[in-house]
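Chemist: Take a look at this one; I'll ask things after.
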Amino acid sequence: TPITMIMMTLIILMNNLKYNKLLTQTDTNILMTENYIKNIVNTFNMVNCDTEVNNLSIVTNNTMKKSLLDLTNKDISKYNWEWDKTPFNFDKFYKEFKKEKPKNKLPSKEFLEWFIGFFEADGCLTIPKNNNLTAIIVSSKKDLPTLKYIQNNLSMGNVCINSNKLNNYKWQTYNQTDIKLLIHLFNGNTVLPVRFVKLSMFITNMNMKLLKNNEENIITIFNNCKLPRLDNAWLAGFSDGEGCFLVGKTNTFYKAIYNINQKYIANKIILDHILSLLKELTSSNTNLNTYKHSSKSNNVYEMRINSLETCSKLRLYFDKYPLRSYKLIEYQDWLKFIDMALDKSLPKQIRKEKLSTMLMNIRNKKKKMN
Numbered sequence: 030t031p032i033t034m035i036m037m038t039l040i041i042l043m044n045n046l047k048y049n050k051l052l053t054q055t056d057t058n059i060l061m062t063e064n065y066i067k068n069i070v071n072t073f074n075m076v077n078c079d080t081e082v083n084n085l086s087i088v089t090n091n092t093m094k095k096s097l098l099d100l101t102n103k104d105i106s107k108y109n110w111e112w113d114k115t116p117f118n119f120d121k122f123y124k125e126f127k128k129e130k131p132k133n134k135l136p137s138k139e140f141l142e143w144f145i146g147f148f149e150a151d152g153c154l155t156i157p158k159n160n161n162l163t164a165i166i167v168s169s170k171k172d173l174p175t176l177k178y179i180q181n182n183l184s185m186g187n188v189c190i191n192s193n194k195l196n197n198y199k200w201q202t203y204n205q206t207d208i209k210l211l212i213h214l215f216n217g218n219t220v221l222p223v224r225f226v227k228l229s230m231f232i233t234n235m236n237m238k239l240l241k242n243n244e245e246n247i248i249t250i251f252n253n254c255k256l257p258r259l260d261n262a263w264l265a266g267f268s269d270g271e272g273c274f275l276v277g278k279t280n281t282f283y284k285a286i287y288n289i290n291q292k293y294i295a296n297k298i299i300l301d302h303i304l305s306l307l308k309e310l311t312s313s314n315t316n317l318n319t320y321k322h323s324s325k326s327n328n329v330y331e332m333r334i335n336s337l338e339t340c341s342k343l344r345l346y347f348d349k350y351p352l353r354s355y356k357l358i359e360y361q362d363w364l365k366f367i368d369m370a371l372d373k374s375l376p377k378q379i380r381k382e383k384l385s386t387m388l389m390n391i392r393n394k395k396k397k398m399n
């Protein structure tokens, strides 16, 4: 009945949100308050008990659609999560994958680590008007091979043109079996807090669909965010989507930059943690910073490394966990540029001349691909 469904959904939400317990372990503690649960109850109370179950879905789905598209820092502050330092856990995903796709090859652990990073950077979980939950990644034409690489490794989704005008492509799946598999992959394995919040809302919507269809396999949301580590491929995947490998000229010489931008104060914690890991990796404390992006909204933060020596040492990670997108070519050109800049066997003037040519070639290559 509608009443039973409302109560079951509320129990799921209360269990998933754990509103009476402080879960975070940083200075930006986020506590789920009783008022938020009351808001959920009020939402349900707006639905007359005689109303069709479908109307309940419409009310809650409209709220979720709006939130998925336009989350604010205040929205995010209503959710809890624990910081988890343990490795990714793919046991549930592998179990369900074997059951649903017994004839397909299991994706490798390193691929899944990379894919989660790439999806957190460029992917999107959407709830369209037809209420078919969808996972999608949109990329430029130069990364069409990357989308096919994802399709082949996951044995799911399709790759097609997204916009003729923009000349970009998309990988997408709205098959419910595939969506459930992706939920099992992401659940408990997301890194960015904002991604965790969006995934929680997405899973809640999925659970409502399952309840509506009288299915019993309700998905429990794992309230944790993985802290980045340098012994897996997540940062490589995330850099494929969000990382920038830049070169340029200063008043006296040349420079190289590695940076990542992220929206929301909650995600800044992850940028700070990545920066801390890279400081330790490169044994460097100079020219590594995270700060508010001055040229964008106040809600955008940038992690930046702009030391030639420190950038050069990032190969200690990326050689072990390589980039998989077109960005690999940009990274390789970036490294060659840095190596030339640091080659003390050549006179500085000779290096300047060679770097000037390399910089022009890099910029021309970028223009052609764009």
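Residue 30 is where the sequence shown starts when you use the working numbering, and the numbers rise one by one after that. Glycine is no exception: its CB is placed at the ideal position from the N, C-alpha and C atoms.
Take the Cβ of N327 as the centre, count every other Cβ of all protein chains shown within 10 Å, and call the residue buried at 16 or more, exposed below.
Modeler: Taking the sequence shown and counting its residues from 1, the one referred to as residue 327 is at position 298. Label assigned to N327: exposed.
Chemist: Using the rule of at least 16 other Cβ atoms within 10 Å of the residue's Cβ for burial, across every protein chain shown, is G277 buried or exposed?
Modeler: As a position in the sequence shown, residue 277 is number 248, starting the count at 1. Exposed is the call here.
Chemist: For Y293, count neighbouring C-beta atoms within 10 Å of its own C-beta (all shown protein chains included) and say buried if the count is 16 or more, exposed if not.
Modeler: Sequence index remark: in the sequence shown, residue 293 carries index 264 (1-based). Buried is the call here.
Chemist: Check this for me: beta carbons of P9 and A265, under 9 Å apart or not?
Modeler: It is not possible to answer for residue 9, since the shown part of the chain is limited to 30 through 399.
Chemist: Can you list, in chain order, the residues of its chain whose CB lies under 6 Å from that of A150, leaving out five sequence neighbours each side?
Modeler: Numbered from its first residue, the sequence shown carries residue 150 at position 121. For A150, where only same-chain residues beyond five positions count, the Cβ hits under 6 Å are F267, G270 and E271.
Chemist: Can you tell me the Cα-Cα spacing of V167 and L310, whole angstroms?
Modeler: As a working note, residue 167 is residue 138 in the sequence shown. As a working note, residue 310 is residue 281 in the sequence shown. Approximately 32 Å, taken between the alpha carbons.
Chemist: Using the C-alpha atoms, what's the distance from Y287 back to K321?
Modeler: Start at 1 with the first residue of the sequence shown, and residue 321 comes out as number 292. Start at 1 with the first residue of the sequence shown, and residue 287 comes out as number 258. Distance between the alpha carbons of K321 and Y287: 16 Å.
Chemist: Return the chain-ordered list of same chain residues with a C-beta closer than 6 Å to the C-beta of T101, the five sequence neighbours on each side being excluded.
Modeler: Numbered from its first residue, the sequence shown carries residue 101 at position 72. For T101, where only same-chain residues beyond five positions count, there are no Cβ hits under 6 Å.
Chemist: Who are the near neighbours of D301 in its chain, counting only those whose CB is closer than 8 Å to its CB and skipping five residues on each side?
Modeler: Reading the sequence shown from its first residue, position 272 is the one you call residue 301. Result list for D301: T319 and M332, in chain order.
Chemist: How far does the alpha helix (DSSP H) with E380 in it extend, from its first residue to its last?
Modeler: Taking the first residue of the sequence shown as 1, we reach residue 380 at position 351. It should be pointed out that residue 380 corresponds to Arg in this sequence rather than to Glu. Note, R380: alpha helix (DSSP H), K377 to M398.
Chemist: Give the secondary structure of M332 by DSSP, where H, G and I count as helix, E and B as strand, and everything else as coil.
Modeler: In the sequence shown, counting from the first residue as 1, residue 332 sits at position 303. M332: strand per DSSP, three-state reduction.
Chemist: Need the endpoints of the alpha helix (DSSP H) that I247 sits in, please.
Modeler: The residue you call residue 247 lines up with position 218 of the sequence shown. No alpha helix (DSSP H) contains I247, which DSSP labels as neither H nor E.
Chemist: Determine the extent of the beta strand (DSSP E) in which Y108 is found, giving its start and end residues.
Modeler: Position 79 of the sequence shown holds residue 108. It is not in any beta strand (DSSP E) - Y108 carries neither H nor E in the DSSP assignment.
Chemist: Put K158 into one of helix, strand or coil per three-state DSSP.
Modeler: For the purposes of this step, residue 158 is taken as residue 129 along the sequence shown, with counting starting at 1. The answer is coil: DSSP assigns K158 none of H, G, I, E or B.
Chemist: As a quick exercise: from K238, N246, K227 and Q378, pick the residue whose alpha carbon is nearest that of A15.
Modeler: The question about residue 15 has no answer, for the chain in this structure spans 30 to 399.
Chemist: Can you grab the Cα-Cα spacing for the pair L388 / N335, in whole Å?
Modeler: Position 359 of the sequence shown holds residue 388. Position 306 of the sequence shown holds residue 335. About 16 Å.
Chemist: What is the DSSP secondary structure of A164, counted as helix, strand or coil?
Modeler: Translated into positions along the sequence shown, residue 164 becomes position 135. DSSP, read as helix, strand or coil, puts A164 in strand.
Chemist: With C-beta atoms as the reference, is N187 less than 9 Å away from T206?
Modeler: Counting from 1 along the sequence shown, the entry for residue 187 is found at position 158. Counting from 1 along the sequence shown, the entry for residue 206 is found at position 177. Not closer than 9 Å, so no.
Chemist: Could you give the first and the last residue of the continuous beta strand (DSSP E) run that contains A262?
Modeler: The residue given as residue 262 occupies position 233 in the sequence shown. It is not in any beta strand (DSSP E) - A262 carries neither H nor E in the DSSP assignment.
Chemist: Who are Y287's beta bridge partners in DSSP?
Modeler: Here residue 287 is taken as the residue at index 258 of the sequence shown, counted from 1. F274 and I334, per the DSSP bridge assignment.
Chemist: In the structure shown, what three-state DSSP assignment does S137 receive?
Modeler: Position 108 of the sequence shown holds residue 137. Residue state, collapsed to three classes: coil.
Chemist: Taking the alpha-carbon of K395 as reference, which of S169, K138 and N118 has the nearest alpha-carbon?
Modeler: For the purposes of this step, residue 395 is taken as the residue at position 366 of the sequence shown. Per the C-alpha coordinates, the member of S169, K138 and N118 positioned closest to K395 is S169.
Chemist: Below 8 Å, can you find three or more Cβ-Cβ pairs linking the stretch 176-191 to the stretch 108-123?
Modeler: no
Chemist: Please report how far the alpha carbon of S233 lies from the alpha carbon of L162, in whole angstroms.
Modeler: Stepping through the sequence shown from its first residue, residue 233 is reached at position 204. Stepping through the sequence shown from its first residue, residue 162 is reached at position 133. Residue identity check: residue 233 is Thr in the sequence provided, not Ser. Each residue's alpha carbon lies about 11 Å from the other.
Chemist: I'd like the list of long-range same chain contacts for G146, defined as Cβ closer than 8 Å, with 5 residues on each side in sequence excluded.
Modeler: Start at 1 with the first residue of the sequence shown, and residue 146 comes out as number 117. If we look at G146 and ignore the five residues flanking it on each side, its Cβ neighbours are V220, A262, W263, L264, A265, G266, F267, S268, D269 and G270.
Chemist: Quick check on the burial criterion: 16 or more other C-beta atoms within 10 angstroms. Buried or exposed for N68?
Modeler: Residue mapping note: residue 68 aligns to position 39 of the sequence shown, counting from 1. Low confidence applies here, because N68 scores a pLDDT of 36, under 50, leaving its location unreliable and the question unanswered by this model.
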